[in-house]
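Participant: I'd like to ask you about the structure that follows.
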Amino acid sequence: MRTTSLLLLTITATLLVETQTQSSFVRWLDRQYEVVRRGFLKGLLRTGSASKRGIVSGSQSNSATRSTTFLNATQQEDRPKGTSLRATSQYFNNKFQEPVPEDIPFPCDTQPGYPGARSATRPNSVHRLRVGDIDVIGAMGDSLTAGSGSAAANVVEVSIENRGMSWSGGGESTWREYLTLPNILKEFNPSLIGYAVKDSLGSQKNSQFNVAEPMAITSDMPFQAELLVKRMRSDKRVDYENDWKMVTIMIGSNDFCSHMCYMKNFSMTPKLHKDNLIKALDYLRDNMPRTIVNLVAPPQLQKIQELKGKPAICFLLNEVECPCMFGLRWQHLKENFTEIIREVQEIDIELAASRNYNSKDDFAVVGHTFLTRASVPNKRTAGGNVTDFSFLSEDCFHFTQKTQALSASSLWNSLLEPVGNKSFAIMETPLARFLCPTPDHPFIYTAANSVTR
């Protein structure tokens, strides 16, 4: 009911945007959204025990089915024969990556004996781990990791979780159609398991080990860590003690968007972020052997405020999804909030470098910075430079499939860059820069093996 109410507010915004003045309607929407948001969060708390048992209510399951059916129905129109509709680059205003033809080989050589290939014998140290040695993949985070709206053709479909396209936790199709970290790793180890295989809720089987949830904040990370451990341990495909696992975490956007401005003391946000992230990382370290964790610092949301030529509906949707950054009542704190995001980004990198997570042979955390300075590219039009909205979903906030691919490519490259020399940029084309393991350094970089002797 509360999810429906939130959706109805979004639809109402769509219908009324042409008949209401922006300022008055945004204030009204801000008040209404907060009522629904708080009610929705209370509902999540009450159903938390069911989520921990992996239970999906009939209404949730049916809702996901209806959403997916609706999505598939809309995608049947004008489908090119013999092609995947969602992979057609012109579809949805160029919001999908360009499909890679079959006659173009994978950029790296994956054959036995080459640097990225699986080790002859399973390594005993995370610091001597090759990309081909990864057996199991997992992902934690929020809607950006759940893939919300990546294939959306309208604002209603932004609520659909396109997990199979998720940059860090999706493995639908192949890298030629959807460039994701799992789809890249599958080229080195076709037996990789754990990636989401299609659109699904986080509590459904198809989500696999992608346990990210829309609206999640950092305080949800300890629970997601516990859930991930539980799923892996109970999966008969996983040799829990011996398989090498890779888990990617990115969290913070909802803390910035819809949480910190309602706190009595918003300056506590960085400390709370750090405390909860430590709980999650400690749990993974102590309960998930043979694991390398990618801790990806969240994007600077100030960049979303700088979009040029934003459609009117997006002003309203941004107000709904991210009131702290876009709500009129909080604009006087804009600089404070931007600084808080910078502090959180720094905390993530500091935690990843901590000896607490890099002193064991079977566990390591690696920090990644490629999203910290990311901005949405512009394009030239007759009226001047405007934001290229093909990189953003219909709400001008979530990732399109193309941006999922860019994030995946950037994370992949970052795995092969030394700690302390990671990229601070995200590319505009997924395969414009694609690193490969080298004979000089065939291993995934960690703090320990990045030291030059």
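According to mature numbering (1 follows the signal peptide of the UniProt record, and there is no 0), the residues represented by the sequence shown are -21 to -1, 1 to 432, in order. Every residue, glycine too, gets a C-beta built ideally from N, C-alpha and C.
How should Leu307 be labelled, buried or exposed, when 16 other C-beta atoms within 10 angstroms of its C-beta is the threshold for buried?
Facilitator: Residue 307 sits at position 328 when you count from the first residue of the sequence shown. With fewer than 16 Cβ atoms within 10 Å of its Cβ, Leu307 is classed as exposed.
Participant: Among the residues of its own chain, which have a CB less than 6 Å from the CB of Arg212, if the five just before and after it don't count?
Facilitator: Numbered from 1 along the sequence shown, position 233 holds the residue referred to as residue 212. Cβ within range, chain order: Tyr219.
Participant: Does His420 come out as helix, strand or coil in the three-state DSSP assignment?
Facilitator: Here residue 420 refers to the residue found at position 441 of the sequence shown. Note: His420 maps to coil in three-state DSSP.
Participant: Are at least three pairs of beta-carbons, each pair with one atom in the segment 176 to 187 and one in the segment 414 to 426, less than 8 Å apart?
Facilitator: no
Participant: Below 8 Å between beta carbons: does that hold for Gly120 and Ala175?
Facilitator: As a first step, residue 120 must be located in the sequence shown, where it is residue number 141. As a first step, residue 175 must be located in the sequence shown, where it is residue number 196. When the beta-carbon positions are compared, Gly120 and Ala175 stay at least 8 Å from each other.
Participant: For the candidate residues Ile292, Asp341 and Asp265, whose alpha-carbon lies nearest to that of Val208?
Facilitator: Position 229 of the sequence shown holds residue 208. Selected option, being the one with the closest Cα: Asp265.
Participant: Within the continuous beta strand (DSSP E) that includes Ala276, where are the two ends?
Facilitator: Stepping through the sequence shown from its first residue, residue 276 is reached at position 297. Element bounds for Ala276: n/a, residue is neither H nor E.
Participant: Using DSSP bridges, identify the partner residues of Phe378.
Facilitator: Indexing the sequence shown from 1 puts residue 378 at position 399. In the DSSP output, where bridge partners are listed per residue, Phe378 has Leu371.
Participant: Would you say the segment 329 to 346 touches the segment 81 to 96, given that touching needs at least three Cβ pairs under 8 Å?
Facilitator: no
Participant: Which residues share a DSSP beta bridge with Val365?
Facilitator: Against the sequence shown, residue 365 aligns to sequence position 386. BP columns for Val365 point to Lys358.
Participant: Between Met225 and Ile116, which are expected to be in contact by the criterion C-beta below 8 Å, what is the C-beta distance as a whole number of angstroms?
Facilitator: Translated into positions along the sequence shown, residue 225 becomes position 246. Translated into positions along the sequence shown, residue 116 becomes position 137. Going by Cβ atoms, the distance from Met225 to Ile116 rounds to 5 Å, so yes, they are a contact pair.
Participant: What is the C-beta distance between Leu390 and Val275, in whole angstroms, given that I count them as a contact (C-beta under 8 Å)?
Facilitator: The residue you call residue 390 lines up with position 411 of the sequence shown. The residue you call residue 275 lines up with position 296 of the sequence shown. Contact holds; Cβ gap of about 7 Å.
Participant: Do you know offhand how far Asn141's Cα is from Ala130's?
Facilitator: To locate residue 141, count along the sequence shown from 1; it is residue 162. To locate residue 130, count along the sequence shown from 1; it is residue 151. Note on geometry: alpha-carbon atoms of Asn141 and Ala130 lie some 7 Å from one another.
Participant: Can you tell me whether Ser338 is buried or exposed, with buried defined as 16 or more other CB within 10 angstroms of its CB?
Facilitator: Translated into positions along the sequence shown, residue 338 becomes position 359. Its Cβ having fewer than 16 others within 10 Å, Ser338 is exposed.
Participant: Determine contact between the segment 277 to 297 and the segment 149 to 163, defined as no fewer than three beta-carbon pairs at a distance below 8 Å.
Facilitator: no
Participant: What's the gap between the Cα of Pro397 and the Cα of Asn73?
Facilitator: Stepping through the sequence shown from its first residue, residue 397 is reached at position 418. Stepping through the sequence shown from its first residue, residue 73 is reached at position 94. Each residue's alpha carbon lies about 34 Å from the other.
Participant: Once you ignore the five residues that flank Asp234 on each side, which residues in its own chain have a CB closer than 7 Å to its CB?
Facilitator: As a working note, residue 234 is residue 255 in the sequence shown. Same-chain partners within the cutoff: Ile196, Thr197, Thr248 and His252.
Participant: Am I right that Ser152 and Thr124 are in contact with their C-beta atoms under 8 Å? What's the rounded C-beta distance?
Facilitator: Here residue 152 is taken as the residue at index 173 of the sequence shown, counted from 1. Here residue 124 is taken as the residue at index 145 of the sequence shown, counted from 1. Between Thr124 and Ser152 the Cβ distance is about 18 Å, and since that is not below 8 Å, they are no contact.
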